[in-house]
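First up is the structure itself, then whatever we jot down about it.
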Amino acid sequence: MEACNVVRMRVRPGFEAEFLAFNDPGHPDIPGMLDAWLVQTGERDFCYVARWVSRDALVAGRGPMVAELDQMRHMLEDLGPGLGVTDPASGEIVSRKRTPVVPFRGEATGVGVASELGR
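All residue numbers for the sequence shown refer to this note's numbering, where the first residue is 645 and numbers rise by one.
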């Protein structure tokens, strides 16, 4: 069964450009990793999301992921008591919604979606 991990982090003020440059080429290939994304969720907040062929592959990939984290640890802000610089979560994917691609021409406000669907 496929698995996913999500790691929340916050970049220290003044390190945004360095952080984005470090992550620009993407992450190194790790056996069993299917996809990976870096999602900006706030001004300096990010989530790293990866999809794996299995939970075992995810567990085996933790070493390389931590090694990569160690290279950017100085750029990250402590998230608070007991967390350190990351807030990770992982598990097996138990549900997936697959939808057909619907053309979208509107902005983030959703303008254009209803007209695309004939509503």
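Glycine included, every Cβ here is placed at the ideal spot set by N, Cα and C.
Small disclaimer: the values here were computed from a predicted structure and weren't measured.
Distance between residue j and residue i (C-alpha atoms, nearest Å)
i: Ser759; j: Gly750; result: Since pLDDT at Ser759 reaches only 46, below the 50 mark, its modelled position is unreliable, and the value read off the structure follows with that caveat. Approximately 10 Å between the Cα atoms of the pair.
i: Ser734; j: Glu687; result: 24 Å
i: Asp689; j: Pro744; result: 30 Å
i: Ala694; j: Leu727; result: 20 Å
i: Asn667; j: Pro725; result: 26 Å
i: Pro672; j: Pro708; result: 9 Å
i: Pro732; j: Lys741; result: 23 Å
i: Thr685; j: Asp679; result: 19 Å
Which of helix, strand or coil DSSP assigns to residue i
i: Pro672; result: coil
i: Met677; result: strand
i: Cys648; result: strand
i: Asp700; result: helix
i: Ser759; result: Residue placement at Ser759 cannot be trusted, given a pLDDT of 46 that sits under 50; what the coordinates show is reported in the next sentence. Helix, per DSSP.
i: Gly707; result: helix
i: Phe663; result: helix
i: Asp722; result: coil
Residue from the options with nearest C-alpha to residue i
i: Met716; options: Met645, Ala661, Glu646; result: Ala661
i: Asn649; options: Thr743, Ile737, Lys741, Val745; result: Ile737
i: Ile674; options: Ala701, Val655, Thr685, Gly724; result: Ala701
i: Glu721; options: Glu712, Ala647, Pro657; result: Pro657
i: Gly705; options: Trp681, Asp714, Met677; result: Met677
Chain C within 8 Å of residue i, Cβ atoms only
i: Ala661; result: Protein chain content of the structure displayed is limited to a single chain, and chain C is not contained in it.
Under 8 Å between C-beta atoms of residue i and residue j
i: Pro729; j: Met653; result: At residue 729 the sequence reads Val, which differs from the Pro that was named. Yes; because the gap between Cβ atoms is below 8 Å, this pair is in contact.
i: Cys691; j: Val655; result: no
i: Glu646; j: Val697; result: yes
Neighbour-count burial assignment, residue i, 16 or more Cβ in a 10 Å radius
i: Ala665; result: exposed
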